[in-house]
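Read through the structure below, which is laid out as structure tokens, and then see the notes.
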Ligand code: AMP
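Residue numbers (our numbering): 2 to 418.
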């Protein structure tokens, strides 16, 4: 049965907490952005305050074997500083029995990178390039088998399990999903995870209408499932960025050299037809900033999105598109934003994305619920200084995308089951 941090009695208990401390490090192994560490603190501090101790586990990067570059020892000092107690370190996440057993209430232990072990992800490593299908199958079965012991060992350290790692909730890994079954009566979400789940529910389950989704980014192919799920749920679907040109071309527009995917044109037409059937308003770009080169020094001109000259490519939304979108956004009560509406990494092409961030801030100030989630749009609102002017900024790129595809995330299901 799922428990809740606020009501669970942690007195004298050891909690094993899956966090996402996958922070960026520079060449001297210094943390360049500690957001992920700070966002896990409310959960960890709560357990300590309530008389428990914590065994903290995370991955860092994508090591394929033990590799000092990806060691969590680089972050022990910062975690200690944030938590306000000296954090002990276990150099092997599978050999921490004694250290875990010795923990007293109020103490904390950080386990070494879970991904030093193939068992965390449950995928075989070191297979020869010319391995046969049989060999691959056998290797997969072997790692799945040893994964059971791996997870059991982690579970043996603690009395209860907390998952506070939304960033990996879409993966059915040892520490994110499989471990939960060892704590049938003592498993729960951390505050960060609870916040993310609530934010998704606010948009996909309990949205106040009108509900608008703004989906941008580069390719239709990477967000096809998102578009297909949303078109059945929202009142307005704004499609911007590089992916918009496939929709324009599919309807017979001239898009010059803009990014597009011919093989996805039938899907684009399907989405438009479904929207029509369901009475959903799809708003595509009507005006585009076109450039004659994909660079900051390019010449630019504003043109209708369906009449982009040859040799020019759409790199940002034009003023008329932005005005249409602003009207929709300011008339909405719930707004989800995923993906930039232009090549925002180049300042000259970032105006559209900045305008969307401003519109969202204005809608939020006027009482709308606004969720920004998934990869680049989070980077965009943060870069532009709007992160605290929207209702919620998700910490999980891939996890948020899968959630808005309508999938049940394994890390969430395992605690709820
Ligand atoms: P995604 O990861 O799918 O959200 O895509 C984000 C990327 O889409 C960013 O790197 C943007 O530069 C890119 N992008 C947005 N609009 C365009 C465009 N019109 N042409 C090419 N790339 C774009």
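C-beta atoms are modelled at their ideal positions from N, C-alpha and C, and glycine is treated no differently.
Just so you know, these numbers come straight off a predicted model, no measurement behind them.
Boundaries of the beta strand (DSSP E) harbouring residue 189: 188 to 190, taken from the DSSP string. Exposure of residue 157 is indicated by the presence of fewer than 16 other C-beta atoms within 10 angstroms of its C-beta.
Of the other Cβ atoms in all chains shown, fewer than 16 fall within 10 Å of the Cβ of residue 2; this residue is therefore exposed. Residue 337 sits close to residue 235, with the two beta carbons spaced by under 9 angstroms. Across the structure, residue 395 and residue 252 are spaced so that their CA atoms are roughly 34 angstroms apart. Residue side-chain check: residue 339 places its Cβ nearer than 8 angstroms to a non-hydrogen atom of ligand 1. Ranked by how close their Cα comes to the Cα of residue 244, the residues 295, 375, 357, 343 have 343 in first place. Between the segment 61 to 70 and the segment 9 to 20, the count of Cβ pairs shorter than 8 angstroms is below three; the stretches do not touch. Shortest Cα-Cα distance from residue 190 to any of 368, 212, 239, 164 involves 164. Comparing alpha-carbon positions, the option among 414, 372, 391, 170 lying closest to residue 201 turns out to be 372.
The Cβ atoms of residue 120 and residue 92 lie no closer than 9 angstroms to each other.
Straight through space, the alpha carbons of residue 213 and residue 362 are spaced by roughly 15 angstroms. Spanning the alpha carbons of residue 260 and residue 84 requires a straight line of approximately 46 angstroms.
As computed with DSSP, residue 18 is found in a beta bridge with 57, 163. Within 10 angstroms of the beta-carbon of residue 139 lie fewer than 16 other beta-carbons, which makes it exposed.
When beta bridges are read from the DSSP output, residue 301 appears opposite 292. Relative to the Cα of residue 237, the nearest Cα in the group 262, 44, 273 belongs to 273. By the neighbour-count criterion, in which a residue is buried when 16 or more other Cβ atoms sit within 10 angstroms of its Cβ, residue 210 is exposed. Bounds of any beta strand (DSSP E) do not take in residue 249; it lies within the alpha helix (DSSP H) bounded by 245 to 251. In the structure shown, the three-state DSSP call for residue 308 is strand. For residue 216, DSSP records a beta bridge to 240, 339. Rounded to the nearest angstrom, the Cβ distance from residue 6 to residue 76 is 23 angstroms, too far for a contact under 8 angstroms. For a cut-off of 8 angstroms, the C-beta gap from residue 170 to residue 400 is around 5 angstroms, short enough to register as a contact. Annotated three-state conformation of residue 183 is helix, per DSSP.
Residue burial is scored here from C-beta neighbours: residue 297 has fewer than 16 other C-beta atoms within 10 angstroms and is therefore classed as exposed.
Per DSSP, reduced to three states, the secondary structure at residue 393 is strand. In this structure, 317 is the residue among 329, 176, 325, 317 with its C-alpha nearest to the C-alpha of residue 354.
Of the other Cβ atoms in all chains shown, 16 or more fall within 10 Å of the Cβ of residue 341; this residue is therefore buried. In terms of side-chain proximity, the C-beta atom of residue 294 is found no nearer than 8 angstroms to any non-hydrogen atom of ligand 1.
Taking non-hydrogen atoms of ligand 1 into account, the C-beta of residue 190 is found less than 8 angstroms away from none of them. Per the DSSP secondary-structure output, residue 318 pairs in a beta bridge with 289. Per the C-alpha coordinates, the member of 166, 414, 405, 103 positioned closest to residue 206 is 405.
Straight-line spacing of the CA atoms in residue 161 and residue 82 works out to 25 angstroms. If you look at residue 273, you'll find it in the alpha helix (DSSP H) that goes 266 to 279.
The bridge partners DSSP lists for residue 282 are 237. Beta-carbon to beta-carbon, residue 387 and residue 358 are separated by about 4 angstroms, close enough to satisfy the 8 angstroms threshold.
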